[in-house]
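Right, one structure below, let's go through it.
2 protein chains.
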Amino acid sequence: MTSQRIAIPGHIVAIGGAEDKTSDLEILKQVFALAPRGSNDVAVIATASSIPDQILPDYKAVFTRLGAGHVHALDIQSRKQAADPDNVRLIEHSGVIFFTGGDQLRLTNLLGGSATLNAVRARLLAGAVVAGTSAGAAAMPGTMIYDGNATDALRKGAVNMTSGFGLVDGLVIDSHFLERGRFTRLMEVGASNPEHLGVGLGEDAAVIIHPSRILEAIGPGHVILIDSRELASSNISELSMGGTVAIEHMVIHALISGHGFDIEARRYLTPDKLKACLAETT
Amino acid sequence: MTSQRIAIPGHIVAIGGAEDKTSDLEILKQVFALAPRGSNDVAVIATASSIPDQILPDYKAVFTRLGAGHVHALDIQSRKQAADPDNVRLIEHSGVIFFTGGDQLRLTNLLGGSATLNAVRARLLAGAVVAGTSAGAAAMPGTMIYDGNATDALRKGAVNMTSGFGLVDGLVIDSHFLERGRFTRLMEVGASNPEHLGVGLGEDAAVIIHPSRILEAIGPGHVILIDSRELASSNISELSMGGTVAIEHMVIHALISGHGFDIEARRYLTPDKLKACLAETT
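Keeping their order, the protein sequence lines are chains A and B. Residue numbering for the first sequence is 6 to 287, as defined by the working numbering. Residue numbering for the second sequence is 6 to 287, as defined by the working numbering.
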């Protein structure tokens, strides 16, 4: 896919859920800092959430505290609202677009193919930062996990996937990863197609996906990477649905804040290497 | 360690907990089948359990159904009982020695250095099968995990370990592995010493450790292996206690029944290769 090679001007930040919103704001501070110069409005899209009225004020407070111009609370709850030119306009005026947590299937179901989502894509291409937490993180790539109990995973078909927003290619993102023991989910996903890197975000942990396709881990939590590209063998295609999946050889990494990963080269970057890499490419 | 190279005549079977005791007995049937010819007494040691009266009859029924001569229910609940020559004698008469689940720290605390445990070792050297489920599996190797919440793991010191029975070297065994999402526990263990293979046993899954140090997965569940030997880097030794552990490069496999692993060569064995390997070495 050529899209994997082309540098997109904007940054993506995928957060594993439960990020700090009241104390040091370690992650959200960096999200806001990535906004392009002179574009400090923030659009918060709460479509995933079943309690938008409870979480929108929190994000409004955080981004205001961080120095945002306007914080636009976009409570899009229907496909009609997703097509609303007023919402499109607010996104067009924002340097940060933030997707809250909730249910990622609501996100794709309500926003897929909409004018709002097209506006988000255009903003990313123009250099804005697109961030999402939990459901908002899972929806970023071309393929999205939306359900599947981790204790059933590694049984063929236990992980439910569909198309995501396609804002970044070559990855599959899972959230609440360590807290809900979701390793098996990304292993099953990796066996089904070893091309895409599995990114397991812990709570209060995130990755910045730089335009050069370098991942940078931020926040106090862990980011687990499951790299299936050198998968040696798996029985998954021969099994009936529900059959137990065998896997020979995946590579796993645990990143902490300041460590990174080169998605294309499949190279782990210790802090020195990450700095050098980012200096080279920006 | 030379002990890693010497073939011990007996078999070890480590079970991840919750093995079928009423239906097909897929795992326990194989445990019993490994008993040396003419030695079909079974000793069940319930020391780990807080409810020995409830579980001993179940195992008695299972092994009787499988054709055991006598099933000796050894409810050893003190170091004094662990030194009792009567218990030693019952073990000496058994072709199968089975450790139930419960708390592995009770196992090592009550049996460590005892005449009973020495008798178990002697029986293994004489060709008997030593099997254990859950706590009984965790206690088999030289190093044993006895506590540590999986959601806290990958924070330095979160996993609590001590010496195990030392019946098998070069492994660390964790049980209920997929069901309790314990991947991070074996990753922290692997970072602390990459030499030992991490064996994560799912429920109703087990490994036979053959005398030739070939692992064979049995049962309907999964066996996850975490191989840290090619660990590229980790910050664990530089961290304060509680600090977040970074890990660059571990290898992970998911074995199902009929698949195997060569512990020394670190080689995954698909069913054909496993059969060839076992034919070669027995």
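Each residue gets a CB set at the ideal place from its N, CA and C atoms; glycine is no exception.
Worksheet item: Are any of the Cβ atoms in chain B nearer than 8 Å to that of residue 155 of chain A?
Response: As a position in the first sequence, residue 155 of chain A is number 150, starting the count at 1. Residue-level contact by beta carbon holds for residue 155 of chain A and chain B, with a gap shorter than 8 Å.
Worksheet entry | 6 Å CB neighbourhood of residue 158 of chain B in its chain, flanking five on each side removed | On the second sequence, residue 158 of chain B is found 153 positions in, with the first residue counted as 1. Closer than 6 Å at Cβ, skipping near neighbours: 164, 189, 190, 193.
Item to complete: Give me the Cα-Cα distance between residue 75 of chain B and residue 122 of chain B, rounded to the nearest whole angstrom.
Response: By one-based count along the second sequence, residue 75 of chain B stands at place 70. By one-based count along the second sequence, residue 122 of chain B stands at place 117. Distance between the alpha carbons of residue 75 of chain B and residue 122 of chain B is about 20 Å.
Worksheet item: In whole angstroms, what is the alpha-carbon distance linking residue 269 of chain B and residue 181 of chain B?
Response: On the second sequence, position 264 is the one that residue 269 of chain B refers to. On the second sequence, position 176 is the one that residue 181 of chain B refers to. Their backbone Cα atoms lie some 25 Å apart in a straight line.
Practice prompt. Taking residue 141 of chain B as part of the alpha helix (DSSP H), name the residues at either end of that continuous run.
Written response: Stepping through the second sequence from its first residue, residue 141 of chain B is reached at position 136. For residue 141 of chain B, the uninterrupted alpha helix (DSSP H) run begins and ends at 140-143, by DSSP.
Worksheet entry | Cβ-Cβ distance between residue 196 of chain B and residue 233 of chain B below 8 Å | Position 191 of the second sequence holds residue 196 of chain B. Position 228 of the second sequence holds residue 233 of chain B. Yes, these two residues count as a Cβ contact at 8 Å.
Item to complete: Return the chain-ordered ranges of every beta strand (DSSP E) run that is complete within the region 12-80 of chain B and spans a minimum of 3 residues.
Response: Within the region 12-80 of chain B, the complete beta strand (DSSP E) runs of at least 3 residues are 16-20, 47-50, 76-79.
Worksheet item: Is the region 80-88 of chain B in contact with the region 113-131 of chain B, if contact means three or more CB pairs nearer than 8 Å?
Response: Yes, the region 80-88 of chain B is in contact with the region 113-131 of chain B.
Item to complete: Could you tell me the distance, in whole angstroms, from the CA atom of residue 27 of chain A to the CA atom of residue 149 of chain A?
Response: Within the first sequence, numbered from 1, the residue matching residue 27 of chain A stands at position 22. Within the first sequence, numbered from 1, the residue matching residue 149 of chain A stands at position 144. Residue 27 of chain A and residue 149 of chain A have their alpha carbons spaced roughly 29 Å apart.
Fill in: Against chain B: residues of the region 255-268 of chain A by CB proximity under 8 Å
Only those residues of the region 255-268 of chain A whose C-beta falls short of 8 Å from the nearest C-beta of chain B are listed: 255, 256, 257, 258, 259, 260, 261, 262, 264.
Item to complete: Kindly identify the DSSP beta-bridge partner or partners of residue 160 of chain A.
Response: Looking up residue 160 of chain A in the first sequence gives position 155. The partner list for residue 160 of chain A (beta bridge, DSSP) reads A:249.
Fill in: residue 252 of chain A to residue 200 of chain A span [Cα, whole Å]
Taking the first residue of the first sequence as position 1, residue 252 of chain A is located at position 247. Taking the first residue of the first sequence as position 1, residue 200 of chain A is located at position 195. Approximately 15 Å, taken between the alpha carbons.
Worksheet entry | Touch test, the region 207-219 of chain A against the region 257-272 of chain A, Cβ-Cβ under 8 Å, three pairs minimum | Output reads yes: the region 257-272 of chain A touches the region 207-219 of chain A.
Item to complete: Provide the residue span of the alpha helix (DSSP H) that contains residue 128 of chain B, from first to last.
Response: Taking the first residue of the second sequence as position 1, residue 128 of chain B is located at position 123. Run containing residue 128 of chain B: 120-130, per the alpha helix (DSSP H) assignment.
Worksheet item: Mind checking if residue 150 of chain A is an interface residue toward chain B, Cβ cutoff 8 Å exclusive?
Response: Working through the first sequence from its first residue, we reach residue 150 of chain A at position 145. False, the Cβ-Cβ gap to chain B never drops below 8 Å.
Item to complete: Kindly list the residues whose CB is nearer than 7 Å to the CB of residue 57 of chain A, restricted to its own chain and excluding five residues on each side of it in sequence; keep chain order.
Response: By 1-based counting over the first sequence, the position of residue 57 of chain A is 52. The beta carbon of residue 57 of chain A lies closer than 7 Å to those of 51, 80 in the same chain, with the five residues before and after it left out.
Practice prompt. State the Cα-Cα distance for the pair residue 18 of chain A and residue 140 of chain A, rounded to the nearest angstrom.
Written response: Taking the first sequence and counting its residues from 1, one reaches residue 18 of chain A at position 13. Taking the first sequence and counting its residues from 1, one reaches residue 140 of chain A at position 135. Distance between residue 18 of chain A and residue 140 of chain A, taken at the CA atoms: about 13 Å.
Fill in: Contact check, residue 214 of chain A vs residue 231 of chain A, beta carbons under 8 Å
Along the first sequence, one-based indexing puts residue 214 of chain A at 209. Along the first sequence, one-based indexing puts residue 231 of chain A at 226. Contact: no.
Discussion item. Counting only Cβ pairs nearer than 8 Å, list the residues of chain A close to residue 203 of chain B.
Written reply: Taking the second sequence and counting its residues from 1, one reaches residue 203 of chain B at position 198. Under the 8 Å cutoff, chain A gives no residues; its nearest Cβ is about 11 Å from residue 203 of chain B.
Fill in: Rounded C-alpha distance that separates residue 20 of chain A from residue 33 of chain B
Taking the first residue of the first sequence as position 1, residue 20 of chain A is located at position 15. Taking the first residue of the second sequence as position 1, residue 33 of chain B is located at position 28. The straight-line gap from Cα to Cα measures roughly 44 Å.
Worksheet item: How would you call residue 55 of chain A, buried or exposed, if buried means at least 16 neighbouring beta carbons within 10 angstroms?
Response: Locating residue 55 of chain A in the first sequence gives position 50, counting from the first residue. Counting of Cβ neighbours within 10 angstroms places residue 55 of chain A among the exposed residues, the total staying below 16.
Fill in: Residues, ordered as in the chain, of the region 16-34 of chain A that lie near chain B by beta-carbon distance below 9 Å
Of all residues in the region 16-34 of chain A, none comes within less than 9 Å of chain B when Cβ atoms are compared.
Fill in: DSSP state of residue 221 of chain B mapped onto helix, strand, coil
Counting from 1 along the second sequence, the entry for residue 221 of chain B is found at position 216. Collapsing the DSSP output to three states places residue 221 of chain B in a strand.
Discussion item. With a threshold of 8 Å between beta carbons, is residue 284 of chain B in contact with chain A?
Written reply: For the purposes of this step, residue 284 of chain B is taken as the residue at position 279 of the second sequence. No, no contact with chain A.
Practice prompt. Note down, in chain order, every chain B residue with its Cβ under 7 Å from the Cβ of residue 200 of chain A.
Written response: If you number the first sequence from 1, residue 200 of chain A lands on position 195. By Cβ distance, chain B contributes nothing, its closest Cβ being about 18 Å from residue 200 of chain A, past 7 Å.
Discussion item. Do residue 254 of chain A and residue 283 of chain A have their beta-carbon atoms positioned less than 8 Å apart in this structure?
Written reply: By 1-based counting over the first sequence, the position of residue 283 of chain A is 278. By 1-based counting over the first sequence, the position of residue 254 of chain A is 249. In terms of Cβ geometry, residue 283 of chain A and residue 254 of chain A do not form a close pair [threshold 8 Å].
Worksheet item: Taking all protein chains shown into account, do 16 or more other C-beta atoms lie within 10 angstroms of the C-beta of residue 59 of chain A, making it buried, or fewer, making it exposed?
Response: The residue you call residue 59 of chain A lines up with position 54 of the first sequence. Counting other Cβ atoms within 10 Å of its Cβ, residue 59 of chain A stays below 16 and is therefore classed as exposed.
Discussion item. Does residue 3 of chain A come out as helix, strand or coil in the three-state DSSP assignment?
Written reply: The structure shown does not extend to residue 3 of chain A, since chain A is modelled only from 6 to 287, so the question has no answer here.
Worksheet item: At least one CB of chain B closer than 8 Å to the CB of residue 223 of chain A: is that the case?
Response: Looking up residue 223 of chain A in the first sequence gives position 218. Not one chain B Cβ lies under 8 Å of residue 223 of chain A.
Worksheet item: Excluding the five sequence neighbours on either side, which residues of its own chain have a C-beta within less than 6 Å of the C-beta of residue 225 of chain A, listed in chain order?
Response: Taking the first residue of the first sequence as 1, we reach residue 225 of chain A at position 220. Hits under 6 Å: 209.
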